[in-house]
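Asks: So the sequence shown is numbered by the numbering used here: it starts at 30 and just counts up by one.
Beta carbons are placed, not taken as given, at the ideal position from N, Cα and C, and that holds for glycine.
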Amino acid sequence: MALEQLSDVVQRCQAVPDDSYTAEDHDVFTIAGRTCIEEGHSAHVLSIILDEKNQDIVRCMGWNLLPPLIQILLKKEDKNLSQSLAIFKHLLQTCRPKELLIGLLEQLEHDDPDTIAESLHLLLNPLQTVLLSLGSRKASSLGMTLSSVLDQVAKLPLPLTKEQEEDDVFSLCRCCTDLTEFVRPFVHEARLNTVNFDEKNAAGEPDGVKEDELRTELLKYCMKTLSRPLLEVQLKDPDTLDVSPLRNFATEILETLSSIGESLPALVFQPLLKRKQVPGFLEEEVRYPKESLASLAHLVFVHHLTSDTFPSVFSPVFILRSNMEHIHLLLSRTDESRIQKGLELYEKSLVRVEDNSLPADLLEIRTFLTVPQDLVKVMTLCPQHHLRTRGLKVFQMSIDKFDTEAKHNFFQFMLKTSKHSGVEGYVIKNIKNQIDAALQPGNGNAWFEGVHLLPLLRKVLSLPDGPETDLLQNLDRIMESLNLLRYLVIRDKVTENQTGIWTELYKIEDTFMKPLRVGVNMSRAHYEKELENTMETKKKKVKENSVLSVSVGDEKLPNMTSESQIQALHSALHTFDMIESVLVRIEELTEVKETL
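#1: Taking all protein chains shown into account, decide if His603 is buried (16 or more other Cβ within 10 angstroms of its Cβ) or exposed.
#2: Note down the Cα distance separating Val38 from His55, rounded to an integer number of angstroms.
#3: Taking 8 Å as the cut-off, decide whether the C-beta atoms of Asn352 and Leu374 are in contact.
#4: What residue range does the alpha helix (DSSP H) around Cys65 cover?
#5: Using the C-alpha atoms, what's the distance from Leu156 back to Val74?
#6: What residue from Val549, Glu538, Glu434, Leu255 has the CA that sits closest to Ser385's CA?
#7: Measuring straight from C-alpha to C-alpha, what distance separates Asp505 and Lys522?
#8: Using only the alpha-carbon positions, how far apart do Ile537 and Leu328 sit?
#9: Helix, strand or coil, according to DSSP, for Leu208 in the structure here?
#10: Return yes when the Cβ of Asn512 is within less than 8 Å of the Cβ of Lys461, no when it is not.
#11: In the DSSP assignment, find the alpha helix (DSSP H) that holds Cys89 and state where it starts and stops.
#12: Given a cut-off of 8 Å on the beta-carbon distance, is the pair Val382 and Pro340 in contact?
#13: Consult DSSP for Leu248 and reduce its assignment to one of helix, strand or coil.
#14: Note down, one range per segment and in chain order, each alpha helix (DSSP H) of at least 4 residues found wholly within the region 107-187.
#15: Using a 10 Å radius around the Cβ and a threshold of 16 neighbouring Cβ atoms, would you call Phe330 buried or exposed?
#16: Identify which residue in Ser76, Leu468, Gln100, Lys105 has its Cα closest to the Cα of Leu32.
#17: From the DSSP output, in three-state form, read off Phe298 for me.
#18: Ends of the alpha helix (DSSP H) at Asp606?
#19: Alpha helix (DSSP H) containing Pro484: first to last residue?
#20: On the DSSP letters alone, give me the boundaries of the alpha helix (DSSP H) that Pro544 sits inside.
#21: Is Leu372 helix, strand or coil when you go by DSSP?
#22: Helix, strand or coil: which one does DSSP assign to Asp583?
#23: In angstroms, rounded to a whole number, what distance separates the CA positions of Leu163 and Gln100?
#24: Any idea if Val581 is buried or exposed, counting beta-carbon neighbours within 10 angstroms, 16 or more meaning buried?
#25: Under a three-way DSSP split, which group does Gly451 fall into?
#26: Would you report the Cα separation of Glu573 and Thr590, rounded to the nearest angstrom?
#27: Roughly how many angstroms separate the alpha carbons of Phe347 and Ser336, rounded to a whole number?
#28: Rounded C-beta distance between Tyr250 and Leu175? I'm assuming under 8 Å.
#29: Asn83: buried (16+ other C-beta within 10 angstroms of its C-beta) or exposed?
#30: Apart from the five residues just before and just after Arg71, which ones in its own chain have a Cβ nearer than 6 Å to its Cβ?
#31: In or out: Asn550 buried (at least 16 other Cβ within 10 Å) or exposed?
#32: From which residue to which residue does the alpha helix (DSSP H) around His332 run?
#33: At a cut-off of 7 Å, is Leu404 close to the ligand MN when judged by its beta-carbon and the heavy atoms of the ligand?
#34: What residues match up with Leu387 in a beta bridge as DSSP calls it?
#35: For the alpha helix (DSSP H) holding Cys42, just list the boundary residues, first then last.
#36: Considering only the alpha carbon of each residue, which of Val621, Ser593, Leu545, Gln596 lies closest to Ser610?
Shown next, in the form of structure tokens:
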């Protein structure tokens with residue numbers, strides 16, 4: 030039936046011009062031709078397709094036969110494979126490019142990763158051939174093709190281990206390699222035209238505008254790949270994986286940017302450099318997406334890709350200042366890959382900066398305050414332990430790079446904004462270390478002694494809510510504050526009073542020590558009563574699994590058995606004893622020092 034319908038419509042169309050084919054002719058040819066191929070009559074279809082009398086028909090309607098042909102080519106097991114391949118090749122040589130392009134792109138759409146990879150491997154070369162046949166009219170079609178291809182690549186799982194990349198278990202590596210080969214002739218064309226592009230565009234010649242369209246589409250492609258997959262995949266260093274297809278793909282993207290006239294330093298340092306207005310169809314932030322530029326900075330400074338072509342005239346501080354925008358963007362995300370890359374970029378940007386060299390005026394730059402706040406969120410909220418640990422390491426490294434005035438101002442800012450006892454305790458420990466360094470012979474500095482130190486001490490030696498402060502929730506901060514006060518009383522002599530602690534001590538007693546003692550007594554009384562009630566309840570066995578509502582911050586912990594309740598209450602009482610013990614020791618030391 031299908032064979033007869035196909036023969037009839039072909040015979041009928043032979044007698045009319047190609048611009049006179051009716052909608053019915055198209056429908057019958059499409060349905061009958063596809064059915065013939067699906068039913069195994071590819072040899073008959075091939076004879077019709079190759080017939081010289083039918084070439085006008087093939088040119089106009091042949092592209093409609095692509096779907097069943099591509100399905101056979103993807104399966105690779107059909108007995109009609111060779112005939113189907115011959116039909117496919119003839120259609121590529123004969124059909125109109127625009128229609129071929131649409132037909133091929135429609136066959137790219139898949140959801141299964143294996144099918145996606147096979148489809149891209151099969152169709153990218155034909156798509157390249159079709160696009161090249163469009164001549165100077167190819168730019169928008171290239172852009173549409175690249176967008177469709179990258180949407181498919183984005184559906185592929187990412188290799189997480191060295192072995193997965195070596196074995197290419199998800200076919201991402203092969204797809205990236207195929208994609209590199211696909212864009213190569215278009216990049217070559219753009220490179221050849223880069224030299225005279227500006228002259229043509231300035232003269233208003235049409236070719237200048239067309240070449241700009243081609244470069245624009247290639248730029249969009251590079252920016253999109255920098256975001257996905259390159260920002261999401263963890264590239265392996267050469268020491269880990271000698272030959273890395275994904276690393277090679279990233280290098281190709283950077284080289285493509287250079288080939289189409291984009292300066293890598295200008296892209297990486299865009300936050301600090303005023304870029305000239307670039308003619309084209311895209312606004313600045315669309316043309317250069319911030320996330321893509323952050324990915325580019327990571328590739329350059331962490332993986333050192335194309336570093337041999339990167340100028341070495343930029344100072345470490347200039348690089349750090351520029352990268353802070355990229356780091357802020359990456360650390361403010363929630364997914365692990367971006368946070369990790371933000372930490373890596375921050376660490377690499379800091380490592381070349383000398384310790385104690387960054388001046389206080391850098392803290393007037395927004396990102397030098399927002400990035401530490403991002404780090405606090407990573408250290409306290411990130412579910413991944415290795416990222417929290419690395420965040421703390423980078424946080425300390427950033428502190429070490431500031432000079433003493435900058436450290437002083439930075440500590441003030443962090444105590445004001447962190448709102449987390451653990452972070453505040455860590456900052457207070459750093460303050461103690463800076464005071465200790467300042468008190469060493471010959472190391473005196475104005476920012477951690479005397480008049481400049483006192484405002485910082487007042488902020489440290491205080492309770493957020495006075496006697497009613499939640500001592501358990503604020504334990505890290507309170508213990509570090511007590512340790513600092515104890516250190517100052519022991520280390521600074523009353524007669525020298527280098528830190529100013531002895532003239533400030535009476536205020537500290539009123540604003541910190543006395544309220545803290547009251548808070549300890551109140552908390553101990555409350556928890557002793559809770560312990561008494563819990564033990565009484567257990568003795569009476571009124572409730573085998575009685576519940577204690579324990580909260581940390583605003584979040585309630587899971588319900589506990591009576592044994593767990595008693596253990597938690599004893600632990601809290603031990604904590605109050607520890608706080609009181611340090612308080613008593615400080616008071617004793619104070620009395621001894623004042624009598625000397």
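Replies: According to the structure data:
#1: Taking the first residue of the sequence shown as position 1, residue 603 is located at position 574. Exposed: under 16 other Cβ atoms inside 10 Å.
#2: In the sequence shown, counting from the first residue as 1, residue 38 sits at position 9. In the sequence shown, counting from the first residue as 1, residue 55 sits at position 26. Approximately 9 Å, taken between the alpha carbons.
#3: In the sequence shown, residue 352 corresponds to position 323, counting from 1. In the sequence shown, residue 374 corresponds to position 345, counting from 1. Yes, Cβ-Cβ distance for Asn352 and Leu374 is below 8 Å.
#4: For the purposes of this step, residue 65 is identified with residue 36 of the sequence shown, where counting begins at 1. Note, Cys65: alpha helix (DSSP H), 52-67.
#5: Indexing the sequence shown from 1 puts residue 74 at position 45. Indexing the sequence shown from 1 puts residue 156 at position 127. The alpha-carbon atoms of Val74 and Leu156 are separated by roughly 23 Å.
#6: Within the sequence shown, the letter at position 356 stands for residue 385. Checking the displayed sequence, the identity of residue 385 turns out to be Asn instead of Ser. Here the closest residue by C-alpha is Glu434.
#7: Along the sequence shown, read from residue 1 onward, the residue named residue 505 stands at position 476. Along the sequence shown, read from residue 1 onward, the residue named residue 522 stands at position 493. Cα to Cα, Asp505 sits roughly 27 Å from Lys522.
#8: Taking the first residue of the sequence shown as position 1, residue 537 is located at position 508. Taking the first residue of the sequence shown as position 1, residue 328 is located at position 299. Near 51 Å, if we compare the C-alpha coordinates of Leu328 and Ile537.
#9: For this step, residue 208 is matched to residue 179 along the sequence shown. In the structure shown, Leu208 falls within a helical segment according to DSSP collapsed to helix, strand and coil.
#10: As a working note, residue 461 is residue 432 in the sequence shown. As a working note, residue 512 is residue 483 in the sequence shown. The answer is yes: Cβ separation under 8 Å.
#11: On the sequence shown, residue 89 is found 60 positions in, with the first residue counted as 1. Taken as a continuous stretch (DSSP letters only), the alpha helix (DSSP H) holding Cys89 covers 84-90.
#12: Locating residue 382 in the sequence shown gives position 353, where the first residue counts as 1. Locating residue 340 in the sequence shown gives position 311, where the first residue counts as 1. Taking a C-beta distance under 8 Å as the contact criterion, Val382 and Pro340 do not qualify as a contact pair.
#13: Residue 248 sits at position 219 when you count from the first residue of the sequence shown. Of the three classes helix, strand and coil, the one that applies to Leu248 here is helix, per DSSP.
#14: Within the region 107-187, the complete alpha helix (DSSP H) runs of at least 4 residues fall at 110-123, 126-135, 142-161, 168-182.
#15: Within the sequence shown, numbered from 1, the residue matching residue 330 stands at position 301. Within 10 angstroms of the beta-carbon of Phe330 lie 16 or more other beta-carbons, which makes it buried.
#16: If you number the sequence shown from 1, residue 32 lands on position 3. Nearest C-alpha to Leu32: Ser76.
#17: Mapped onto the sequence shown, residue 298 falls at position 269. When secondary structure is reduced to three states using DSSP, Phe298 falls in the coil class, being assigned neither helix nor strand.
#18: On the sequence shown, residue 606 is found 577 positions in, with the first residue counted as 1. Run containing Asp606: 591-624, per the alpha helix (DSSP H) assignment.
#19: Counted from its first residue, the sequence shown places residue 484 at position 455. Looking at the DSSP string, the run of the alpha helix (DSSP H) that includes Pro484 is 479-489.
#20: Taking the sequence shown and counting its residues from 1, the one referred to as residue 544 is at position 515. Counted as a single uninterrupted DSSP element, the alpha helix (DSSP H) harbouring Pro544 occupies residues 543-569.
#21: In the sequence shown, the residue the question calls residue 372 occupies position 343. Three-state DSSP puts Leu372 in a helix.
#22: Residue mapping note: residue 583 aligns to position 554 of the sequence shown, counting from 1. A caution first: Asp583 carries a pLDDT of 48, below 50, which makes its placement in the model unreliable, though a value can still be read off. Here Asp583 sits in coil by DSSP.
#23: For the purposes of this step, residue 163 is taken as residue 134 along the sequence shown, with counting starting at 1. For the purposes of this step, residue 100 is taken as residue 71 along the sequence shown, with counting starting at 1. Their backbone Cα atoms lie some 26 Å apart in a straight line.
#24: Locating residue 581 in the sequence shown gives position 552, counting from the first residue. Only weak support exists for where Val581 lies, its pLDDT of 41 falling under 50; the coordinates are left without a value.
#25: Residue 451 sits at position 422 when you count from the first residue of the sequence shown. Reduced to three states, the DSSP call for Gly451 is helix.
#26: Within the sequence shown, residue 573 is the residue found at index 544, counting from 1. Within the sequence shown, residue 590 is the residue found at index 561, counting from 1. Note that Glu573 scores a pLDDT of 49, beneath 50, so its modelled location is shaky; the value from the coordinates is reported in the next line. For the pair Glu573 and Thr590, the Cα-to-Cα distance works out to about 8 Å.
#27: The residue you call residue 347 lines up with position 318 of the sequence shown. The residue you call residue 336 lines up with position 307 of the sequence shown. The C-alpha of Ser336 is placed about 17 Å away from the C-alpha of Phe347.
#28: The residue you call residue 250 lines up with position 221 of the sequence shown. The residue you call residue 175 lines up with position 146 of the sequence shown. The distance from the Cβ of Tyr250 to that of Leu175 is about 5 Å, consistent with a contact at the 8 Å cut-off.
#29: Along the sequence shown, read from residue 1 onward, the residue named residue 83 stands at position 54. With 16 or more Cβ atoms within 10 Å of its Cβ, Asn83 is classed as buried.
#30: To locate residue 71, count along the sequence shown from 1; it is residue 42. The sequence given here has Ser at residue 71, not Arg. Around Ser71: Asn109, Gln112, Ser113.
#31: As a first step, residue 550 must be located in the sequence shown, where it is residue number 521. Around the beta carbon of Asn550, a 10 Å sphere encloses fewer than 16 other beta carbons of the protein chains shown; the residue is thus reported as exposed.
#32: Here residue 332 refers to the residue found at position 303 of the sequence shown. Per DSSP, His332 belongs to no alpha helix (DSSP H) and is neither H nor E.
#33: In terms of ligand content, the structure shown is empty, and the ligand MN therefore cannot be addressed.
#34: Locating residue 387 in the sequence shown gives position 358, counting from the first residue. Looking at the DSSP assignment, Leu387 forms a beta bridge with Phe431.
#35: Here residue 42 corresponds to residue number 13 of the sequence shown, with the count starting at 1. Element bounds for Cys42: 31-43.
#36: What you label residue 610 is simply residue 581 of the sequence shown in a count that begins at 1. Measuring from the Cα of Ser610, the nearest candidate turns out to be Leu545.
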